[in-house]
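One structure is given below, encoded as structure tokens.
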Amino acid sequence: MNVKRTTKRTPESDVPYDPRNKAATLKYWKSATAHGGVAQLHAKRGRPAKPPEERKEQIALRVDKDVLEWYREQGTGWQTRMNAVLKAFRDAVS
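Right under this line is the structure:
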């Protein structure tokens, strides 16, 4: 079997300067500029937070297994629909 040898890659092989040479390292980083996309990388992702008065409260609620299974079978948004049913009941009895 003829195996072709390749050069040994080290983490330093991708660096445009010799990281063991302090002067070369300082020279390279002295002229470095920040990448324009850095701020985007650090930006928060997802939906913006709602004001405290509009936030929902997380609770533990015991529900019959068959009821829970039915809601889950309805697909994505089942918790929102369950909340809407509770609101409708509240409004109906008030």
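Residue numbering for the sequence shown follows the numbering used here, starting at 20 and increasing by one per position. Note that CB positions come from ideal geometry on N, CA and C, so glycine has one too. This one's a predicted model, so the numbers in the text were calculated from it and none came from an experiment.
Beta-carbon gap between V44 and P35 smaller than 8 Å: What you label residue 44 is simply residue 25 of the sequence shown in a count that begins at 1. What you label residue 35 is simply residue 16 of the sequence shown in a count that begins at 1. Note that residue 44 is Thr in the sequence shown here, rather than Val. Their beta carbons are not under 8 Å apart, which means T44 does not touch P35 by this criterion.
For R81 and Y90, believed in contact at Cβ under 8 Å, the rounded distance: One-based indexing of the sequence shown puts residue 90 at position 71. One-based indexing of the sequence shown puts residue 81 at position 62. Their Cβ separation, rounded to whole angstroms, is 14 Å, which puts Y90 and R81 out of contact at 8 Å.
If you draw a straight line from the alpha carbon of W97 to that of V104, how long is it in whole angstroms? Counted from its first residue, the sequence shown places residue 97 at position 78. Counted from its first residue, the sequence shown places residue 104 at position 85. Whole-angstrom Cα-Cα distance: 11 Å.
Residue ranges of each alpha helix (DSSP H) run of no fewer than 4 residues wholly in the region 69–103, ordered along the chain? 84–92
Roughly how many angstroms separate the alpha carbons of D85 and E92, rounded to a whole number? Taking the first residue of the sequence shown as position 1, residue 85 is located at position 66. Taking the first residue of the sequence shown as position 1, residue 92 is located at position 73. Their backbone Cα atoms lie some 10 Å apart in a straight line.
Can you tell me the Cα-Cα spacing of R109 and L87, whole angstroms? Numbered from 1 along the sequence shown, position 90 holds the residue referred to as residue 109. Numbered from 1 along the sequence shown, position 68 holds the residue referred to as residue 87. If I take the Cα positions, the gap works out to 20 Å.
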